[in-house]
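For the sequence shown, the residue numbers in my numbering are 602 to 752. Have a look at the structure below, then the notes.
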Amino acid sequence: MTTSLQTTFVIIKPNGVKGGIIGEIISRFEKSRLSVAAISLRNITRAETEGFYAEHKDRGFFGELVDFMTSGPVVLLALRGEKAVEAVRHMNGATNPANALPGTIRFDYAPNTGENVVHSSDSAESAARELAYWFKAEELTEYTPASHVLG
Ligand code: UDP
Ligand code: MG
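Here it is, written out as structure tokens:
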């Protein structure tokens with residue numbers, strides 16, 4: 602059997618943390634057979650955020666994006682599973698929640714594009730870069746998940 606095990610990078614943005622839906626969001630991923638490989642709840646700095654979102658630095662929303670991402674703690678996550686990059690992008694939903702499909706995290710929780718609750722890597726290459734940007738190699742754990750979700 603061919604497998605396409607991937608690790609992707611996710612951020613639960615400050616409104617997800619303040620809204621008390623850290624567990625709800627991680628639960629959705631776990632129920633979809635994505636395992637948490639690394640996790641950190643912390644405040645991120647403006648410099649870190651500007652570097653992370655450098656591709657958007659010339660966009661009009663950049664300042665507001667940095668303000669928002671540094672407005673409270675975030676959860677940094679490495680998630681591992683089959684086709685994890687694509688799976689998480691689907692589960693998060695469209696960037697603008699008005700375009701997000703029912704059942705996605707952004708459809709259910711995001712009030713607008715700027716405060717859209719979650720980030721996830723958009724390709725395997727982005728995932729590798731973003732994981733290395735936020736995590737030390739030794740923070741990325743390796744374990745074999747149980748063959749089915751418990752409970
Ligand atoms: N963003 C925004 N206004 C826009 C486009 C993007 O505020 O018109 C913010 C939004 O929070 C988004 C982030 O910038 O999640 C990164 O944009 P991107 O296009 O990479 O969307 P994503 O990959 O997060 O879906
Ligand atoms: Mg993006």
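By construction, the Cβ of each residue, glycine as well, lies at the ideal position given by its N, Cα and C atoms.
Report all residues from its chain with a CB closer than 6 Å to the CB of residue i; omit the five preceding and five following residues, and keep chain order.
i    : result
R690 : S721
A695 : A701
Please list, in chain order, all residues of the same chain as residue i whose beta carbon is under 7 Å from its beta carbon, the five residues on each side excluded.
i    : result
A685 : Q607, T608, T609, L635
N616 : E716, V718
A725 : Q607, V686
N697 : T714
What does DSSP give as the partner residues of residue i in its beta bridges?
i    : result
A639 : A679
V719 : I613
L606 : E683
Report the rounded CA-to-CA distance for residue i versus residue j, giving the unit in angstroms.
i    : j    : result
P674 : I613 : 9 Å
N700 : N713 : 10 Å
G624 : N693 : 15 Å
E656 : L702 : 26 Å
E743 : A638 : 7 Å
L642 : E687 : 24 Å
E740 : L732 : 10 Å
G661 : Y654 : 13 Å
K658 : E649 : 13 Å
A738 : D723 : 21 Å
E683 : S633 : 10 Å
Apart from the five residues on each side of it in sequence, which residues of its chain come closer than 8 Å, Cβ to Cβ, to residue i?
i    : result
N644 : T671, G673, P674, V675
V618 : L642, G673, P674, V675, V676
N629 : In the sequence on display, residue 629 carries Arg and not Asn. So the list reads M692, I706, once near-sequence residues are dropped.
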